[in-house]
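Protein chains in written order, with the numbering used here: chain D, 1 to 182; chain S, 1001 to 1182. Think of the CB as a built atom: it goes at the ideal place given N, C-alpha and C, for glycine as much as any other residue.
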DNA sequence: TCAAAAGTGTTTATAATACACCCATGG
DNA sequence: CCATGGGTGTATTATAAACACTTTTGA
């Protein structure tokens, strides 16, 4: 999945796994894994056609995604695909809340408004730039970058630039509930 | 997994899946699924022997578990098994924090002290009975049951009885972070 | 000098932990 | 009557949402 024009874009790929082939090897034949910012395994299920499928979620940065992949697959979605995409979206939404996973959807450097648009698309609801900035800064997920983005024709204060402190998945918000005593 | 004598007991079972057999069918040949309080799929991975394995976590109540299963499997743990059990334990710990999953480890009716012992065993750290009670009551996960447990020989106030309000997995604690606006 | 966009300061809300203290029982 | 285990009352702390207000720019 990836964010384009303010909405979540999905692309479903399928590969047959050769006998005795590692899962990651088959995955590598379907997509260019090194170009993805994040990959994780989801569920394994028997599809309607009787085949056993292990589903993976991959996240691509908008500035990295190859042109050929930028348009959504035009093929009609099967019931299987729709279900699997829904599972993947749910996982993405959940992890955005308690991890730094935004790094995998945002460009290298961004303004808070741009980041808010990414979160809006992925979460499916409105996000406050003010609070997003403070939550992610407080958690240490974001850091400031030198320079500012010039305002557009309509004016406005130039925006500060930020980047994610880490490019790998980290849990940034331990559960408040039932945490170990000091 | 299950809790016995204040500690987490694990039992690892393995089945071959027949060609075209649904995953749940193979699972049913390995364990008595209806007797388990909760079952969920974990990861799928290639084991050291080259076979593809889809791992499930099952939780059993101490009062339901068959006698033959009460003792831990005496077979020496392989590296694979140790890894898989660790994955399962991590999943269990996480879900205990933000769901009502305790229902699957506790007996039908219990005192808060008994429940605390269960959580202690599963979480691997100390748990305050006071706070456990309040958190689970506040979340609506627990409800009071008529009657009290008589104290032991050493005295003490008789304990109130509780049960879980639901016997099915529910997320009881939405993430405070990035929640949708009203 | 005004509208737009960005950013900060401060208040409010929520939920959990910590801890002091009261309750009920057996010996 | 006191030790033991159970339970409640009440801070304190942590985290984030809400919102008023200030800053910086283009036209």
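Going along the chain, which unbroken runs of the beta strand (DSSP E) with 3 or more residues stay wholly within the segment 131-173 of chain D? Complete beta strand (DSSP E) runs here, min 3: 142-149, 159-164.
- Proximal chain S residues relative to residue 43(D), where beta-carbon distance stays under 8 angstroms: Within 8 angstroms Cβ-Cβ: 1041.
I need the straight-line Cα distance from residue 1060(S) to residue 1159(S), nearest angstrom please. C-alpha separation (whole angstroms): 24 angstroms.
Ordered list of beta strand (DSSP E) runs contained in the segment 16-88 of chain D, each at least 3 residues:
The segment 16-88 of chain D is shown to contain whole beta strand (DSSP E) runs of 3 or more residues at 38-46, 52-59, in chain order.
What does residue 46(D) reach in chain S if we use C-beta pairs closer than 8 angstroms? Under the 8 angstroms cutoff, chain S gives 1022, 1023.
Worksheet item: Are any of the Cβ atoms in chain S nearer than 8 angstroms to that of residue 140(D)?
Response: Closer than 8 angstroms: no.
ask   = Quick one: Cα of residue 1053(S) to Cα of residue 48(D), how far?
value = Answer to the nearest angstrom: the Cα atoms are 21 angstroms apart.
Item to check | Host beta strand (DSSP E) of residue 118(D) (start-end) | outcome: Careful: residue 118(D) lies outside any beta strand (DSSP E), inside the alpha helix (DSSP H) at 112-123.
Residue-chain proximity (residue 1154(S), chain D), Cβ-Cβ < 8 angstroms | Not closer than 8 angstroms to any Cβ of chain D, the Cβ of residue 1154(S) fails to qualify, so no.
_Exposure of residue 1050(S), with buried meaning 16 or more beta-carbon neighbours within 10 Å_ = In the assembly as shown, residue 1050(S) is an exposed residue. Its beta-carbon has fewer than 16 other beta-carbons within 10 Å.
Practice task
Let me know if residue 1025(S) comes out buried or exposed under the rule of 16 or more other beta-carbons within 10 Å of its beta-carbon.
Solution key: With fewer than 16 other Cβ atoms inside 10 Å of its own Cβ, residue 1025(S) counts as exposed.
*Cutoff 8 angstroms: residue 50(D) Cβ touching any chain S Cβ*: Yes, contact with chain S.
For residue 17(D), the nearest candidate out of 6(D), 8(D), 29(D), 82(D) (CA to CA): Taking each of 6(D), 8(D), 29(D), 82(D) in turn and checking the Cα distance to residue 17(D), the smallest one comes out for 29(D).
Margin query: Given this structure, state the Cα-to-Cα distance separating residue 167(D) from residue 104(D), to the nearest angstrom.
Written below: So the two alpha carbons sit approximately 7 angstroms from each other.
Is the separation between the beta-carbon of residue 63(D) and that of residue 107(D) shorter than 8 angstroms?
Contact flag set, yes.
Taking its Cβ as the centre, do 16 or more other Cβ atoms sit within 10 Å of residue 147(D), making it buried, or is it exposed? Exposed.
Worksheet item: How would you write the range of the beta strand (DSSP E) that residue 1002(S) sits in, first residue to last?
Response: Residue 1002(S) -> beta strand (DSSP E) spans 1002-1004.
Spatial neighbours of residue 1073(S) in its chain, beta-carbon cut-off 7 angstroms, leaving aside the 5 residues before and after: Note on residue 1073(S): pLDDT 49, under 50, position unreliable in the model; no value is reported.
Nonlocal neighbours in the same chain, by C-beta distance under 8 angstroms from residue 1111(S), ignoring five residues either side: Apart from the 5 residues on each side of it in sequence, residue 1111(S) sits with its Cβ closer than 8 angstroms to the Cβ of 1149, 1159, 1160, 1161, 1162 in its chain, given in chain order.
To the nearest angstrom, how far is the alpha carbon of residue 109(D) from that of residue 1039(S)?
Spanning the two alpha carbons is a distance of roughly 42 angstroms.
List the DSSP bridge partners of residue 1009(S). When beta bridges are read from the DSSP output, residue 1009(S) appears opposite 1002(S).
Inset, instruction - Can you say whether residue 44(D) is buried or exposed, counting buried as having 16 or more other CB atoms within 10 angstroms of its CB? - result: Residue environment analysis places residue 44(D) among the buried positions, since at least 16 neighbouring C-beta atoms fall within 10 angstroms of its C-beta.
Cβ of residue 1092(S) within 8 angstroms of Cβ of residue 1056(S)?
The answer is no: Cβ separation not under 8 angstroms.
Inset, instruction - Report yes if the CB atom of residue 58(D) is closer than 8 angstroms to the CB atom of residue 85(D), and no otherwise. - result: No, the Cβ-Cβ distance between residue 58(D) and residue 85(D) is not below 8 angstroms.
Quiz item: Can you list, in chain order, the residues of its chain whose CB lies under 6 angstroms from that of residue 1134(S), leaving out five sequence neighbours each side?
Solution: Excluding sequence neighbours, residue 1134(S) sits near nothing in its chain.
Report task. Give the single residue among 23(D), 41(D), 37(D) whose Cα lies nearest to the Cα of residue 1046(S). Result -> Comparing Cα positions, the closest option is 23(D).
* To do: Measuring only between beta-carbons, confirm whether residue 99(D) sits less than 8 angstroms from chain S.
  => The beta-carbon of residue 99(D) is placed no less than 8 angstroms from the nearest beta-carbon of chain S.
Output, in sequence order along the chain, the residues in the segment 118-137 of chain D whose CB is closer than 9 angstroms to any CB in chain S.
Cβ contacts with chain S come from 119, 123, 124, 125, 126, 127, 128, 131, 132, 135.
(request) Flag residue 148(D) as yes when its Cβ comes closer than 7 angstroms to any non-hydrogen atom of the ligand FAD, and as no otherwise. (result) This structure simply doesn't include the ligand FAD, nor any ligand for that matter.
Do we get a CB-CB distance below 8 angstroms when we pair residue 1111(S) with the residues of chain D? Nearest CB-CB separation between residue 1111(S) and chain D: not below the 8 angstroms threshold.
(message) Out of 1079(S), 1100(S), 1034(S), 1077(S), which one is the CA nearest neighbour of residue 1137(S)?
(response) Looking from the CA of residue 1137(S), the closest CA among 1079(S), 1100(S), 1034(S), 1077(S) belongs to 1100(S).
Does the beta carbon of residue 1074(S) sit closer than 8 angstroms to a beta carbon anywhere in chain D? Residue placement at residue 1074(S) is poorly supported in this model, since its pLDDT is 47, which falls under 50; the coordinates still yield a value, given next. For residue 1074(S), no CB of chain D lies under 8 angstroms from its own CB, so it is not counted at the interface with that chain.
Which chain D residues sit within Cβ distance under 7 angstroms of residue 1054(S)? Simply 44.
Using only CA atoms, which one of 1006(S), 1081(S), 1129(S) lies nearest to residue 1014(S)? Among 1006(S), 1081(S), 1129(S), the Cα nearest to that of residue 1014(S) belongs to 1081(S).
C-beta contact flag for residue 1165(S) and residue 1142(S) at 8 angstroms:
Yes, the pair counts as a contact, with Cβ atoms nearer than the cut-off.
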